[in-house]
Structures are given as C-alpha cells and as structure tokens.
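2 protein chains.
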Amino acid sequence: MHVPDELIQFIAREKKFFIATHINPEGDALGSALALALALESLGKETIVYDRDPVPEPYRFLPGHERFTTSLLSLTPGAPPLILLDCNEPERAGIDGVPTSFSAVIDHHETEKEFGQIRWIEPRAAATGVMVYALLKKLGVRITRDMATNLYTAIAIDTGTFRYSNVTSDVLRAAAELVDMGADPAAVAEGLYETWSKGRFMLLIEVLNTLEITGGLAITVATKEMFMRTGTSAEDTENFSNFPRMMKDIEVSAFFRETEDGWKVSLRSKGAVNVAQLAGGFRGGGHRNAAGYKTRNDLKTAKEELIKAVTNMNISKS
Amino acid sequence: MHVPDELIQFIAREKKFFIATHINPEGDALGSALALALALESLGKETIVYDRDPVPEPYRFLPGHERFTTSLLSLTPGAPPLILLDCNEPERAGIDGVPTSFSAVIDHHETEKEFGQIRWIEPRAAATGVMVYALLKKLGVRITRDMATNLYTAIAIDTGTFRYSNVTSDVLRAAAELVDMGADPAAVAEGLYETWSKGRFMLLIEVLNTLEITGGLAITVATKEMFMRTGTSAEDTENFSNFPRMMKDIEVSAFFRETEDGWKVSLRSKGAVNVAQLAGGFRGGGHRNAAGYKTRNDLKTAKEELIKAVTNMNISKS
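Protein sequence lines correspond, in order, to chains A and B.
Just so it is clear: in the first sequence, position 199 is 199 by the working numbering, and no numbers are missing.
To convert, take the position in the second sequence, counting from 1, and add 1000; that gives the working numbering.
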C-alpha cells in the first residue's frame, strides 16, 4: 500500500484539520477518524472531528470518542482543510454545504465522483483503518494504545473479526502489530459484539420467529409494532440479516424492516450469489454479498415479488 | 514457545505413529491431528489417525478428514508409538485399553496426571494448533495449503476467530503466516459458522424463546421434545450458551439441556465472573468463563437452585 507523498506534505504543511466521516458511522469510520485525530494532535496539530450523527452507544468504548462533535458551528466563517474518511464525497458526510479550501480523501470504497485535491482510494484495502495505520507509520507517529485500539476496532469490524473474504495476511499482520502497541482483541470484541440491550436481543428473537424459508432464500421481518414492544429502533437491527446465513442451505437472506412508507429490504448472500443485481431489479443497489432496496408494497406482495426474483436468478454457488 | 528436543528426536527415530485426540473432537483437535499426520507423511512416515467419534459433519471441510478412523482394530497386536493431541490422558481419548510402548503428549490444557514419556504442555498456548505449527517449523516441514488450512482452523475455533482473551500478537502472526501458506480465512469461517442445518437453526430459535433473565443471569432451555421436533441432537447445541452473552447486562448465561436422567447445565460468563466456582457448588467444573454441571432435579427446582447460587455469588465485573 503506497501512501501518497502529497498527503504527507499536506499534513506537514497545515496546522489544523477538519476530519469528517460518513453519516450513521460504524467502527471503521469512527476508529479511523479518532486514530487520525489522536495522531495529528501528537504531532502538535489541531483537529475538529465531525460526524453528523452522534457516536452510537456501542462504540462509546473507543478511546477519544468524546472528541466527536455533531456541530458545524465552530467552522464559521471558514473551515480548515478537510480530511474525509471512509467515504469519498461530502454528501455522504452531510458536509456538502461547508466551504473548504482544500480536501483530502482517504477511503476504501469504490468511487464514481472526483472529489478532493488529494484522493487516496484503495478499494482492495479491508478497512480505512488499514490505510490510516499505514499513514501513521509513514508520518512517523509513535502509535499509542489509544490509537492502536481505534485502528484495531476499525479493522475488526470491517473484517467481521477476520472472517470475511477481505482478510489477507497483511491485515492479520497489521492486527498483530496493533496488539503489540496495546490493542486488546478480547476487549474490542466484547465492545463490538456483547453490548446489546435486552430490548435488542428480544427484538432479534421476535425477528427470528418470523423466519420463512423458500428454497435457498430466508426471509425475516421486523414490524413497527415489534420496535415499539421491545423499545428499540432501526439501528438495533444492524447485522440481523446475517443470522439466517448460518444455515448451510441458505444462499440469500432477506430482512424486511417496516418504515414510515413501506419496507426496507436488506439482502445478504454467500459466495457467488450477487444480491446487488437482485436489488437492482427493485431500484436498489449495493455490493455482491450485501445490498438492499425499498418498496412501498404491502408485506405479502413484497415477499412474493422477491421470492419470484430469487427463483428466476437460477442461483448456483461458486 | 520451546519445542522439546526429545520430541524432535522421537519423531526422527520412529517410522510409524498412532495419532489420537479427545472424544467429541472439535476444530483444534481435528485440525492439529490432521496437520501433524500430513506433515509426518510428507517426511516419509506412516500414521494412524484415530478418534473414538466420527468427524462431525461441519468439520468435513478439513483437508484429509477422511484419514480419521474410529476403529482400533488395525492396532492389534501392538500399537505404534502414540502422539496424544489436545488432551493429556488416554481416558480422554478413549484409548486407555490400548497397549502403547511409548507416548508423547502435545496439549494446551492444564494437567493433573503424569501420562507420557514426552509431555509438552503449554497451558498459555491459545490452541494445540499453535503448538503443532511450531513443531512443524522446527521439523523443517514444507507446510502445504492443506496443513495450513487445518492449523488455521484449529487456531480460529479456539480463539473464536480472534475474539477471546487468549489472542496474542503471536497468534495473529501465526495466522498471517498460515494465510501466506494457503489458508483461506473466509472459507474457514464459512466452514465453521455457516454450515448449520435448518433443524439446528430452528432449535436455536426454540431455545431462545425460553429465555428468562434474573438480574445478570440468563437461562435458556432445550428439552428432549425440542430435539425430536427439530430432528437434532445434543451436539447441535454447541455454542448455544454463548448467545445470551451478547447482552451487555448479562454476566452469566446458563443453558439447560435435557438428558436421559436430568439436565446438563452449561455456564458461560464474561470477564471476572468465575463459573468454574459456580459449577463446583453443583459437583461440576471447568474454566473461569466456561464450565458446567449435571443435575437430576426437575427443571423448576434446578433453575431455582442456580438462581439462588448466582444471587449469593455477589457478582461484580472486573
């Protein structure tokens, strides 16, 4: 992985940075932003760390999470140069109205737009955290336990703690180095996976009780009534669509979540089954193994449409 | 980790080995035994790879799994020298009746007995697979993709894919090296976690529906009737006791499984809560975070006893 020279020069040149990441942030966005902020501060720089949304409760174990602000007020009249992390266009971070003189992008997502004077995009990197770790090493930062914990968390969440197909030996080696610098794998895993509220767990049970299997397709459902009964909300359903994948014969898992005006359908698949293509048929999109779409149909019709589309896909595992 | 010289000499000296591991084998036992057998064969040795029980269906993705035999017939009249893996007494492997002239033990469990002429016990090793990997390196074996896959699986299962407190930077580094030698992290994770039968998933849902929470204690139950209804058996409940641990406020998860003559109770805890101590009060045992016991009481009485014992423990997280 090659860290661009102009990014190093830009960081050396400036004194203050506006670090922003995408809305509805998760571990890679949060951990990457915090590690970078802590590192820049250790070099005597100032940072403003912004997300449109507050740090979700499960991520408040991340060292320095209180640095995040949801306010853009301090940026008036003019913002310092921007470092945009884990996304590559200002709209994704909700900062498209903010005037910035200079922008650098650090991201591992594919991009279609040409935003930023410095654009460091590595679609093959497992996580933005891997890129920030490479950057910190090139900057000669002494990586503290707090930085290491943030970077380890970023890498852990985007690889499903080293279970996804983006795991390479370099990713495992980076994780090993971060453990040497103080990251605690078990504490991070407990923070990521064992901090559910009772309501969220009760919601999962209710959702699993809706399971219907048609061939290689599993469908589960969360209704507004279930959210009310368990005192939960949409963000509590993160990862729910993955549970039916545990079954060997399930190729596609579809999770229907009731919204104000219909249903949001999250699709997950294994191996060769392309759910981005499936979602595209319903004017949605995503990646090969994780995609989604919205529908205004009633639940029965929406399920039938999906079952028909999956049946027509002629699924075969690679 | 220091591989004993006498183990190297023993392997150099002998031509044929009887490799055995514990009954009800899981990934560390199976992967360690297969990697060692493949390695010894690559050095021109012969091996017999034995387990009292067949390789469980989910582990039949392990390269070479068909080498395992459940028959001791080929050992009459006399067995070749024994290498006992992932346990340290012949009773645990169901081979206490087999006459062996010489025995070597490779294990990461604490031991109370003095079995074996060569005893290589490393209670701090995350998995027996880590030890076998060190042994193979010291033997100068060229590690193939098949050996690497078996060793990676052994390490992955015993660390919960790098989520448990036994994960060190050396463990992650070993995993990285095994990936360089051909192990595929995503394929192993799919083999380990996404090969459930439908019946097993249905059983999980039924079990989760029995959830009762008392303070920091979660109780779930599997009855014989549930096994019959879902076409499953006791081995399908592996890992069930861990699910309620996902909840932040749960300190102890107890899973009651109905047996021929009562209930088998599996206990799991987080952090400082010592369930070995709790199980000891019911004439059971185990480790600090994973223990169990049996009871002949009816379910209501058994639950009440446990709730009382947990209440008296005065649980406080470290």
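Beta carbons: idealized from backbone N, C-alpha and C, even for Gly.
These figures come from a predicted structure and were not determined experimentally.
Check for me: the alpha helix (DSSP H) holding residue i runs from which residue to which?
i         : result
B:Thr1149 : Arg1145 to Asp1158
A:Leu139  : Thr128 to Leu139
B:Gly1280 : Val1275 to Gly1280
B:Phe1319 : The requested residue 1319 of chain B is not part of the displayed model; chain B covers only 1001 to 1318.
B:Glu1006 : Asp1005 to Arg1013
A:Lys248  : Here A:Lys248 belongs to no alpha helix (DSSP H), and DSSP marks it neither H nor E.
For the putative contact between residue i and residue j, defined by C-beta atoms under 8 Å, what is the C-beta separation to the nearest angstrom?
i         : j         : result
B:Thr1311 : B:Phe1255 : B:Thr1311 to B:Phe1255, Cβ: 19 Å. No contact.
B:Leu1043 : B:Ile1083 : About 13 Å; that fails the 8 Å criterion.
A:Leu85   : A:Thr21   : 5 Å
A:Gly27   : A:Thr153  : 5 Å
B:Val1055 : B:Leu1075 : Not confirmed; about 19 Å, so no contact.
A:Ala290  : A:Arg268  : 6 Å
A:Val141  : A:Ala29   : Contact doesn't hold; Cβ gap of about 20 Å is too wide.
B:Gly1064 : B:Asp1184 : With 8 Å as the limit, B:Gly1064 and B:Asp1184 do not qualify as a contact, their Cβ atoms being about 16 Å apart.
A:Lys198  : B:Ile1213 : 7 Å
A:Leu34   : A:Tyr50   : That pair is no contact at about 12 Å.
Taking Cβ to Cβ, would you say residue i is nearer than 8 Å to residue j?
i         : j         : result
B:Asp1053 : B:Asn1088 : no
B:Gly1182 : B:Ala1218 : no
B:Gly1031 : B:Leu1211 : no
B:Val1105 : B:Arg1092 : no
B:Phe1201 : A:Met131  : no
A:Arg163  : B:Ala1127 : no
B:Ile1155 : B:Gly1129 : yes
A:Ser233  : A:Asn242  : no
A:Asp261  : A:Arg296  : yes
B:Phe1240 : B:Leu1299 : no
A:Val179  : B:Thr1168 : yes
A:Thr161  : B:Thr1161 : yes
A:Ser165  : B:Ala1186 : yes
A:Leu208  : B:Leu1208 : yes
Counting only the same chain and skipping the five closest in sequence on each side, list residues whose C-beta sits under 6 Å from that of residue i.
i         : result
A:Phe18   : Ile48, Ala79, Pro80 and Leu82
A:Gly191  : Phe61
B:Lys1016 : Glu1046 and Pro1080
A:Ile11   : none
B:Ala1134 : Met1001 and Val1003
B:Pro1244 : Ala1218, Ile1250 and Ser1253
A:Thr195  : Pro58
A:Glu66   : none
B:Met1313 : none
B:Glu1014 : Pro1081
B:Ser1266 : Ser1241, Phe1255 and Gly1292
A:Lys113  : Glu89
Here's a check: name, in chain order, each residue in its chain whose Cβ is nearer than 8 Å to the Cβ of residue i, leaving out the five neighbours to either side.
i         : result
A:Lys317  : Here A:Lys317 scores only 43 on pLDDT, less than 50, and its place in the model should not be relied on; the value that follows carries that caveat. Contacts found: Glu251, Lys270, Gly271, Ala272 and Val273.
B:Glu1206 : Ala1222, Met1226, Arg1229 and Thr1230
A:Ala276  : Gly285, Gly286, His287, Arg288 and Ala291
A:Glu305  : Phe282, Thr295 and Asn297
A:Asp5    : none
B:Glu1041 : Thr1047
Under 7 Å Cβ to Cβ from residue i, same chain only, skipping five residues before and after it: list those, please.
i         : result
B:Ile1008 : Lys1138 and Leu1139
B:Gly1094 : Ile1023 and Arg1052
B:Thr1100 : Phe1018, Ala1079, Pro1081 and Leu1082
A:Lys264  : Arg257, Gly292 and Lys294
B:Glu1110 : Pro1123
A:Ala309  : Leu278 and Gly281
A:His108  : Glu122, Pro123, Ala125, Ala127, Thr128 and Met131
B:Glu1235 : Pro1056
I'd like the span of the beta strand (DSSP E) that includes residue i, first residue to last.
i         : result
A:Gly292  : Ala290 to Thr295
B:Leu1085 : Leu1082 to Leu1085
A:Val221  : Leu217 to Ala222
A:Thr47   : Glu46 to Tyr50
B:Leu1267 : Gly1262 to Ser1269
B:Asp1028 : Looking at the DSSP string, B:Asp1028 is not in any beta strand (DSSP E); the run it does join, the alpha helix (DSSP H), is Gly1027 to Ser1042.
A:Ser253  : Val252 to Thr259
B:Asp1184 : It is not in any beta strand (DSSP E) - B:Asp1184 carries neither H nor E in the DSSP assignment.
B:Lys1016 : Lys1016 to Thr1021
A:Ala104  : Ser103 to Asp107
So is the beta-carbon of residue i under 7 Å away from any non-hydrogen atom of the ligand NAP?
i         : result
B:Gly1281 : Absent from the structure shown: the ligand NAP. Ligands present: none.
Inter-stretch contact at 8 Å, needing at least 3 Cβ pairs: the stretch 170-177 of chain A / the stretch 1171-1190 of chain B: yes
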